[in-house]
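So for the sequence shown, UniProt numbering puts the first residue at 30; every next one is plus one. First the structure, in the form of structure tokens, and then the observations on it.
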Amino acid sequence: LTQDDLKKIAAYKAVEYVESGMVLGLGTGSTAKHAVDRIGELLHQGKLKDIVGIPTSKKTHEQALSLGIPLSDLNSHPVVDLAIDGADEVDPFLNLVKGRGGSLLREKMVESACKKFIVIVDESKLVKYLGGSGLAMPVEVIQFSWRFTAERLRRLFEDAGCVAKLRTFGEKEEPFVTDNGNFIVDLYFDRSIGDLKAASEAILHLAGVVEHGMFLDMATAVIVAGELGLTMKIK
Ligand code: DER
30 LTQDDLKKIA
40 AYKAVEYVES
50 GMVLGLGTGS
60 TAKHAVDRIG
70 ELLHQGKLKD
80 IVGIPTSKKT
90 HEQALSLGIP
100 LSDLNSHPVV
110 DLAIDGADEV
120 DPFLNLVKGR
130 GGSLLREKMV
140 ESACKKFIVI
150 VDESKLVKYL
160 GGSGLAMPVE
170 VIQFSWRFTA
180 ERLRRLFEDA
190 GCVAKLRTFG
200 EKEEPFVTDN
210 GNFIVDLYFD
220 RSIGDLKAAS
230 EAILHLAGVV
240 EHGMFLDMAT
250 AVIVAGELGL
260 TMKIK
């Protein structure tokens, strides 16, 4: 089984919890893509009816449009029945790191408005503690004085050996701009940052920070697809 097979298996399992008439949060990333495809397929087959999708990125908006999934937004649907989305890291308490695809702000807005939030991952995403993968923990910041903000973020986590890097793309290393016109500062840690709630509050307290990629106490369940099969972790 390839990693993408595992992502697809987890995604299809999550879509079993979608019922006709639901308002759905549609996630972003290579795993959530399979869930959105599957929802489109079931709608097309008439096995699902009266679904409204709230996309968590322009990319997912385009994908859902091409699948004929009726779309809306949080203004019209402030309560979402179920969201299905991927994650970059999952700790043993079902806390998440998300946003390596750059969509963390709209994902967090949609997923915090949900009655249920099912996370779909392949087993490579499981970590002992957030930041433990050594990969990026994203923070969305406004463009004004981003370097000043990045340095304040780095200093916040100095004793965890934090390095803060502006996210860029392409040969010319252009700054990545989110769907919301902001920059992303990626934080890398050598060690655990300790109390996650305190870390979250400290980050959000910095003027210039829009949102961060830690999704604490938000997941209702995490579906993990591994070589040995599927496991469902419930909050
Ligand atoms: O960027 C995001 O928030 C994505 O949902 C990410 O967390 C998971 O992306 P993947 O399914 O492509 O690994």
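Heads up, the beta-carbon is just placed ideally off N, CA and C, and yes, glycines get one too. In this text the structure is predicted, and so the values were computed from the model without any measurement.
Check                                                                                                                                                                : Outcome
So ILE252 is in the beta strand (DSSP E); what residue range does that whole segment cover?                                                                          : 250-255
Could you pull out every residue in the same chain whose Cβ sits closer than 7 angstroms to the Cβ of GLY131, ignoring the five residues on either side in sequence? : PHE205, THR207, ILE213
Please go through the segment 93-151 and give each complete beta strand (DSSP E) segment of 3 or more residues, from N-terminal end onward.                          : 109-114, 143-151
Go ahead and pull the three-state DSSP assignment for TYR217.                                                                                                        : strand
Which term fits ARG196, buried or exposed, when burial requires 16 or more other beta carbons within 10 angstroms of its beta carbon?                                : buried
For the ligand DER, any of its heavy atoms closer than 6 angstroms to the Cβ of GLY130?                                                                              : yes
Alpha carbon to alpha carbon, what distance is there between SER229 and ASP246?                                                                                      : 12 angstroms
Decide yes or no for the touch test of the segment 232-252 against the segment 136-149: beta carbon pairs closer than 8 angstroms, at least 3 of them.               : yes
Tell me, which residues are paired with LEU55 by DSSP?                                                                                                               : PRO84, ILE113
What do you reckon, is the C-beta of LYS127 under 6 angstroms from a heavy atom of the ligand DER?                                                                   : yes
Looking only at DSSP bridge pairs, what is GLU169 linked to?                                                                                                         : ILE213, GLU240
So, using beta-carbon positions, are ALA40 and THR60 closer together than 7 angstroms?                                                                               : yes
Is PHE186 closer than 7 angstroms to ILE222 when the C-beta atoms are compared?                                                                                      : yes
Consider the C-beta atom of THR57 and the heavy atoms of the ligand DER; say whether any pair is separated by less than 6 angstroms.                                 : yes
Going by Cα to Cα distance, which pick from ALA112, GLY255, ASP120 is closest to ARG135?                                                                             : ALA112
Rounded to whole angstroms, what is the Cα-Cα separation between GLY56 and VAL109?                                                                                   : 13 angstroms
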